[in-house]
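First to last, the protein sequences are chains E and U.
To get this note's numbering, take the position in the first sequence, counting from 1, and add 927.
To get this note's numbering, take the position in the second sequence, counting from 1, and add 927.
2 protein chains.
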Amino acid sequence: MGSYYSADIHGPFETHDLGDFQLENGAKIRNLSIAYATFGTLNADRSNAVLFPSWYSGTTKILEQAYVGAGRALDPAKYFIILVNQIGNGLSSSPSNTPPPFGAGRFPQVSIGDDVRAQYRLITEKFGIERLALVLGGSMGAQETWEWAVRFPDAVARAAPIAGLARETAHNQLFLDTIIEAITSDPAFEEGWYGEGAVHRGLRRHARLFAASGFTQNLFNRAGWSELGFTTTDDFVTGFVENHFLPQDPNNLLLLARKWRAGDISKHTKGDLAAAFKRIKAITHVIAIDEDVFFPLEDIAAAQALAPGSALRRVSSQWGHLALFGVDAGYTAAVDGFLNELLATRT
Amino acid sequence: MGSYYSADIHGPFETHDLGDFQLENGAKIRNLSIAYATFGTLNADRSNAVLFPSWYSGTTKILEQAYVGAGRALDPAKYFIILVNQIGNGLSSSPSNTPPPFGAGRFPQVSIGDDVRAQYRLITEKFGIERLALVLGGSMGAQETWEWAVRFPDAVARAAPIAGLARETAHNQLFLDTIIEAITSDPAFEEGWYGEGAVHRGLRRHARLFAASGFTQNLFNRAGWSELGFTTTDDFVTGFVENHFLPQDPNNLLLLARKWRAGDISKHTKGDLAAAFKRIKAITHVIAIDEDVFFPLEDIAAAQALAPGSALRRVSSQWGHLALFGVDAGYTAAVDGFLNELLATRT
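The following block contains the structure:
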């Protein structure tokens, strides 16, 4: 697995070692390493830092490619942008890069809260940052953004959760059950102790389930994938979606999917979701993709309505949830506009 | 398999033997038997017959329960109602009831057109009916309804395709690939030569994929299934969806899914879909379920717009596509209203 989860493919990154790290479920990660990449320069009063956690099955590389650059909302000339890899994504400590006996099928389950606590230590210990100008993230990154705003309200000036929820819905959990089972049901999975490349059937099944709900029906029915040079449904699903998932480590994906499934900010308030949202002090702009099947507009809007003083921003894309990848110029322009507007607010 | 596909469970039915039946793909079914159930009495001029084919994984029993009865649009006091089982559904000739060597994994693939040709022989040979007052069907039954109206335009006075398409979309085919693979990937499937009950993992996986898209997100997120007495997402998916699919024969389901996937009335007109619709002479009321994920309103409306002189009728249900099962009183009342309106038209 080493060849895929490398700087050759995912770009140069730094690591911050947190030593032994106690997880919320009582387990412990030995020598937790958080991988991150930064762009721009932290200013003297440390007030221009942006934190952007990765999402399901992605690393900081896709965040850089799709969201960071000169002239973009996240412009390294203005901001110190910290892209951070979730625990379990293959660059930070993960089942795939942890030696026996605690790697592979024995790597402990991690929560959204564990990630955010580790990221908090990164920004305070490594950079001395007390307050982030912006925390943003898409999908599972949005879950982490919500968690940041609720758990560390004084450390988040602005928040932009994109296409993700603060508490998972029952339907989203049912979907996640199907993609988890797609991998674990492969006889080659062997409870997580498989040979390299052995779980290809499970990974391809997982990829196709992801494709069937991750985009819109229109993308398929009107062959919208032809914009990227694909020729048939199968060519697109193989060349885009299977290509993304096949080189990844099955245990890593399962850890992330289970982390996603359990996301719930109301853990902070004994299940009272409204009370959890009330803790937020950040100026929060909640971004929804109208056609998103994983995180429907209706659910995003319901969350936004509970977040004090927040605003809802909507973007439409035939790419659905996976517009996050930056494949739709209209999405990219709209989200940059939303982020520019948010970053211009006074806190 | 015999115990599930029986009159004990699916009610009394008759069979019509068509002898050796040539399929569109060149293969042949020996002694094709079409199972059907009738309600009401054929009038003297044979003008009150209604034909209603079954849908995916269903038999004529659910059609009777959900759509036929005194005071309903399909009232046996007024109409001679012929409910007919699709080839491959376990009551008509199917992989599960065909003896070796042509049963199980060797049963030939059947098309929507094959079904409709066999049904045409049933109504003409058995009942001497030349023109049906109404052909209707839901989902795959809607595919057969469209096929009837295009293939035998003079034999269909009125048509009501409900929640189904005349030509499958690319996205629907991608979804069907996932539910087909859910069964065939079970190592116990053995290319269709499995022991009774052996493919339970594949069937349960298939059931869960069906559940995740067959209903609406709201049904899960607002626990709409509690109306039926279920207690949790898992309780509902197990008790309602797995309960439906687990006793069924995997080869039967695969035959039906592949038939569904290939549905395309434009086969009659060398791929020209608009030309195929122009053949229709029936008064056609096209019924869509607004929340349907399998057959989105947008796609149903696009088909309806191509059918000359047709009308679109819409119904909303939190049950989504599977409102077809008759679990939603609002759906049932609305559809009865649409059918009463259609049956009252003069032809």
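C-beta: ideal position from N, C-alpha, C; glycine also.
**Study point:** Positions along the region 998 to 1022 of chain U whose CB lies within less than 8 Å of some CB in chain E
**Key:** none
Check your understanding: What are the complete beta strand (DSSP E) segments, minimum 3 residues, inside the region 1171 to 1207 of chain U?
Key -> none
Check your understanding: Any Cβ of chain E within less than 8 Å of the Cβ of T1105 (chain U)?
Key -> yes
**Study point:** Close Cβ partners of S1243 (chain E) (< 6 Å) along its chain, the five nearest in sequence each way excluded
**Key:** D1217
**Study point:** Environment of E941 (chain U) [buried if 16+ CB atoms lie within 10 Å]
**Key:** exposed
Review point. Under the three-state reduction of DSSP, which class applies to S1244 (chain U): helix, strand or coil?
Key: coil
Practice item. Kindly say whether V1164 (chain U), judged by its beta-carbon, lies nearer than 8 Å to any beta-carbon of chain E. Key: yes
Check your understanding: Are H1195 (chain U) and V1077 (chain U) close, meaning C-beta to C-beta below 8 Å?
Key -> yes
Review point. If we ignore side chains and look at the alpha-carbon of each, how far apart do T1259 (chain U) and G1065 (chain U) end up?
Key: 13 Å
Point to revise | Burial state of P1235 (chain E), where buried means 16 or more other Cβ atoms lie within 10 Å | key: exposed
Point to revise | Buried or exposed (CB count within 10 angstroms, at least 16 for buried), S1112 (chain U) | key: buried
Exercise for review: Using a Cβ-Cβ cut-off of less than 9 Å, list which residues of the region 1104 to 1125 of chain U approach chain E; keep chain order.
Suggested key: D1104, T1105, E1108, A1109, S1112, D1113, P1114
**Study point:** Near-chain U residues of the region 1140 to 1153 of chain E (beta-carbon distance less than 7 Å), N- to C-terminal order
**Key:** Q1144, F1147, N1148
Check your understanding: M928 (chain E) by DSSP, collapsed to three states: which one?
Key -> With a pLDDT of only 43 at M928 (chain E), under the threshold of 50, the placement of this residue in the model should not be trusted, and no figure is reported.
**Study point:** Min CB distance R1135 (chain E) to chain U below 8 Å
**Key:** yes
Review point. Cβ of F1102 (chain U) less than 8 Å from any chain E Cβ?
Key: yes
Exercise for review: Using a Cβ-Cβ cut-off of 8 Å, state whether A1228 (chain U) counts as contacting chain E.
Suggested key: no
Review point. For V977 (chain U), which residues from the same chain have a beta carbon less than 8 Å from its beta carbon, with the 5 sequence-adjacent residues on both sides left out?
Key: L1001, Y1006, F1007, I1008, I1009, L1059, A1060, L1061, V1062, L1063
Check your understanding: So, does the CB of R1132 (chain U) fall closer than 8 Å to a CB anywhere in chain E?
Key -> yes
Exercise for review: Report the rounded CA-to-CA distance for L1136 (chain E) versus I1056 (chain U), giving the unit in angstroms.
Suggested key: 45 Å
Check your understanding: Under the three-state reduction of DSSP, which class applies to P1114 (chain U): helix, strand or coil?
Key -> helix
Check your understanding: Hey, does A1250 (chain U) have any beta-carbon neighbour from chain E nearer than 8 Å?
Key -> no
Review point. Under the DSSP definition of a beta bridge, which residues are partnered with A964 (chain U)?
Key: U:L1010
Point to revise | Cβ neighbours of W1073 (chain E) in the same chain (closer than 6 Å, five flanking residues each side left out) | key: P1088, A1093, I1192
Practice item. Could you check what DSSP says for L1266 (chain U) in three-state terms: helix, strand or coil? Key: helix
Check your understanding: For the putative contact between D1081 (chain U) and K1208 (chain U), defined by C-beta atoms under 8 Å, what is the C-beta separation to the nearest angstrom?
Key -> 7 Å
Practice item. Taking S974 (chain E) as the reference, give the member of E:L1018, E:V1043, E:T1051 with the closest Cα. Key: E:T1051
Check your understanding: So what does T942 (chain U) bridge to, in DSSP terms?
Key -> U:A962
Check your understanding: Within this structure, are the beta carbons of W1187 (chain U) and L1130 (chain U) separated by less than 8 Å?
Key -> no
Review point. Does the separation of the CB atoms of V1254 (chain E) and I1214 (chain E) fall below 8 Å?
Key: no
Review point. Would you say M928 (chain U) reaches chain E, if we count a Cβ-Cβ gap shorter than 8 Å as a contact?
Key: In this prediction, M928 (chain U) has a pLDDT of 43, which is less than 50 and means its spatial position is unreliable; nothing more can be read from the coordinates.
Check your understanding: To the nearest whole angstrom, what separates the beta carbons of A993 (chain U) and F1252 (chain U), a pair I think is in contact under 8 Å?
Key -> 6 Å
Point to revise | CB-CB length for G1151 (chain E) against Q1245 (chain E), believed under 8 Å | key: 5 Å
Review point. Nearest chain U C-beta to H1098 (chain E) closer than 8 Å, yes or no?
Key: yes
Check your understanding: Leaving out the 5 sequence neighbours to the left and right, which residues in its chain are closer than 6 Å to I961 (chain U) when beta-carbon positions are compared?
Key -> H943, S1019, A1045, L1049
Exercise for review: Could you pull the start and end residues of the beta strand (DSSP E) that V1126 (chain U) belongs to?
Suggested key: V1126 (chain U) -> no beta strand (DSSP E), and no H or E assigned at all.
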